[in-house]
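In the working numbering, the protein residues as written are 372 to 918.
A virtual CB, placed ideally from N, CA and C, is assigned to each residue, including glycine.
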Ligand code: GLN
């Protein structure tokens, strides 16, 4: 049972076929979740084929949200799904990119680790990948490691990771499983579900020496028997191993949907593991909760407009969206989310009154100056009109600026991120960060990962958390400027959570006799919410919005 030496650990590689964006991350999370529900210790790894060493320097419009782990690792949003599905906290061991793998191999080579050998792409790169996968298994004391290989088979970028997977299977017979998440389109003109792209994708995988053991067939509707038969014959898999995965209402329906075809039993059998238990009650409970909400709650997320071509990228705020959903499940309401482009308020301030139609307003994290004045006006509107407000990171900094300007008499107060010459830099960079920034070392200038804070008694934060301390994840460069704190407090801002050394303001709020719910945090609470345990700040916000 124990697997300190990794001998008993099993590995499941999840690869994508046909195209991206069909829910490989959710499928991987769900596979891990159903195995966890069968009593196994499961951990998940994401492999990103980018040359970037981590996701920290990637523009969110290219890559979606940058998720932050407790240890400060900046990674892919799929890691957020793993944590939410497994109710766990992952670390740097659970994430790798092409860049990080090469970096290690090059560092080892420079350190004579290879003892003068010619270091080659194959096998040394796959060896390093395998070493990391095993390490993650050990570190998490996992019985089963689920490894999601980013990208789609047939792409040049992920070949070395697939090579590592193939080598692992050869090394550990019976202990490595391959799952391919495919997509079956229904072309509008034909109206028939097509299996051919899946057949090609399996052949592409075959060409690198891998035969999928299980095919997850994503499609708009469930697979019929005929499609299953076709895939079975042409893709060399038993019918039982072709899992129908139709579109569902909520991503949290996927684990139970997989179980309809006994996927966990099937996987355990293939890996030679005896099921230890079967407890899907929390998933069933959640499924009910998701559907229970009757009363609508309208939430407006105000920010700069993120677009790729003519599509809005809500992926950028995926954890915020999920955290709002989690809170809505628990509060028994139906969440109606809208994106509000702050630049519209700059062009036409009369539009601000449209914010009245929302039961609550959220300003999420962000960087740079675009749309900032519009956001500040929106925050002022929610403050003056007593609309519940939740600010996240930039959403706290801009709320402090708004308050400084309009309630504390700091004319033209700003953050030095946007206006370095402001007379009142209420948000500023800490001196130690300045030297790094001057050297353009952007990779290391942020406050990243979990930090503790003390919560002040008799504040809204204390009431919501129900404790006198917290530990939350960060990702930002700027802080509330200690020089201005006293005057801001005198004007009515309450900094309800502060770092243990009292230098850093972690949350701000307005007293409830002034505003029903005005709370903002310097950290990102959304990273620690899961559907079984909604985050207290989001839950408090949702309850306030419900009123
Ligand atoms: N731009 C701000 C900072 O760097 C806020 C960052 C954020 O919202 N994640 O401090």
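Using only the alpha-carbon positions, how far apart do residue i and residue j sit?
i: residue 918; j: residue 400; result: 35 Å
i: residue 421; j: residue 584; result: 27 Å
i: residue 392; j: residue 434; result: 12 Å
i: residue 527; j: residue 816; result: 33 Å
i: residue 535; j: residue 554; result: 24 Å
i: residue 797; j: residue 848; result: 14 Å
i: residue 768; j: residue 835; result: 21 Å
i: residue 387; j: residue 551; result: 6 Å
i: residue 658; j: residue 903; result: 11 Å
i: residue 611; j: residue 595; result: 13 Å
i: residue 672; j: residue 640; result: 46 Å
i: residue 842; j: residue 821; result: 6 Å
i: residue 910; j: residue 901; result: 11 Å
i: residue 329; j: residue 385; result: The structure shown does not extend to residue 329, since the chain is modelled only from 372 through 918, so no value can be given for it.
i: residue 861; j: residue 880; result: 13 Å
i: residue 882; j: residue 829; result: 10 Å
i: residue 410; j: residue 592; result: 31 Å
i: residue 600; j: residue 630; result: 20 Å
i: residue 515; j: residue 481; result: 34 Å
i: residue 502; j: residue 542; result: 13 Å
i: residue 747; j: residue 416; result: 39 Å
i: residue 915; j: residue 705; result: 14 Å
i: residue 524; j: residue 790; result: 46 Å
i: residue 455; j: residue 487; result: 45 Å
i: residue 374; j: residue 381; result: Residue placement at residue 374 is flagged as unreliable, the pLDDT there being 41, under the threshold of 50; the coordinate-derived value follows with that caveat. Using only the alpha carbons, I get a separation of about 10 Å.
i: residue 772; j: residue 785; result: 6 Å
In the DSSP assignment, find the beta strand (DSSP E) that holds residue i and state where it starts and stops.
i: residue 823; result: 818 to 826
i: residue 559; result: Segment: none, residue 559 is in no beta strand (DSSP E) and carries neither H nor E.
i: residue 866; result: 865 to 869
i: residue 655; result: Segment 652 to 663 is the alpha helix (DSSP H) holding residue 655; no beta strand (DSSP E) there.
i: residue 708; result: 704 to 712
i: residue 667; result: 666 to 674
i: residue 573; result: No beta strand (DSSP E) holds residue 573; the alpha helix (DSSP H) holding it covers 567 to 577.
i: residue 515; result: 515 to 520
i: residue 796; result: 796 to 800
i: residue 616; result: 613 to 617
Flag residue i as yes when its Cβ comes closer than 7 Å to any non-hydrogen atom of the ligand GLN, and as no otherwise.
i: residue 446; result: no
i: residue 843; result: no
i: residue 760; result: no
i: residue 906; result: no
i: residue 768; result: yes
i: residue 898; result: no
i: residue 434; result: no
i: residue 847; result: yes
i: residue 894; result: no
i: residue 487; result: no
i: residue 737; result: yes
i: residue 632; result: no
i: residue 788; result: yes
Considering just the uninterrupted stretch of the alpha helix (DSSP H) at residue i, what are its terminal residues?
i: residue 908; result: 907 to 917
i: residue 542; result: 530 to 542
i: residue 526; result: Where residue 526 is concerned, there is no enclosing alpha helix (DSSP H), given that its DSSP letter is neither H nor E.
i: residue 840; result: Careful: residue 840 lies outside any alpha helix (DSSP H), inside the beta strand (DSSP E) at 840 to 847.
i: residue 494; result: 492 to 510
i: residue 600; result: 596 to 606
i: residue 625; result: 625 to 630
i: residue 858; result: 856 to 862
i: residue 593; result: Residue 593 -> no alpha helix (DSSP H), and no H or E assigned at all.
i: residue 833; result: 831 to 836
i: residue 700; result: 689 to 701
i: residue 432; result: 431 to 434
Taking only heavy atoms of the ligand SAH into account, decide whether any of them is closer than 7 Å to the Cβ of residue i.
i: residue 764; result: Questions concerning the ligand SAH fall outside what the structure shown contains, since the ligands it does hold are the ligand GLN.
Does the beta carbon of residue i come closer than 8 Å to any beta carbon on chain B?
i: residue 701; result: In summary, chain B is missing from the structure at hand, where a single protein chain is found.
With a floor of 3 residues, list each beta strand (DSSP E) that falls wholly inside the region 872 to 897, ordered by position along the chain.
-> 876 to 880 and 889 to 892
Can we say the region 481 to 494 touches the region 428 to 448, given the rule of at least three CB pairs closer than 8 Å?
-> no
Does the region 745 to 761 come close enough to the region 882 to 898 that 3 or more CB-CB pairs lie under 8 Å?
-> yes
Ignoring anything shorter than 4 residues or poking outside the region 441 to 468, list the alpha helix (DSSP H) runs there in chain order.
-> 449 to 457
Are there three or more Cβ pairs, one per stretch, closer than 8 Å when the region 841 to 859 is compared with the region 709 to 729?
-> no
Check whether the region 507 to 519 touches the region 454 to 474, counting contact only when three or more Cβ pairs, one atom from each stretch, lie closer than 8 Å.
-> yes
Starting from the N-terminal side, write out each stretch of the beta strand (DSSP E) that is 3 residues or longer and does not extend beyond the region 375 to 412.
-> 381 to 387
Quick check: the region 640 to 654 against the region 708 to 722, are there 3 or more CB pairs under 8 Å?
-> no
Determine contact between the region 660 to 669 and the region 864 to 871, defined as no fewer than three beta-carbon pairs at a distance below 8 Å.
-> no
Mind listing, in chain order, the continuous alpha helix (DSSP H) runs of no fewer than 4 residues lying wholly within the region 725 to 788?
-> 743 to 755 and 765 to 777
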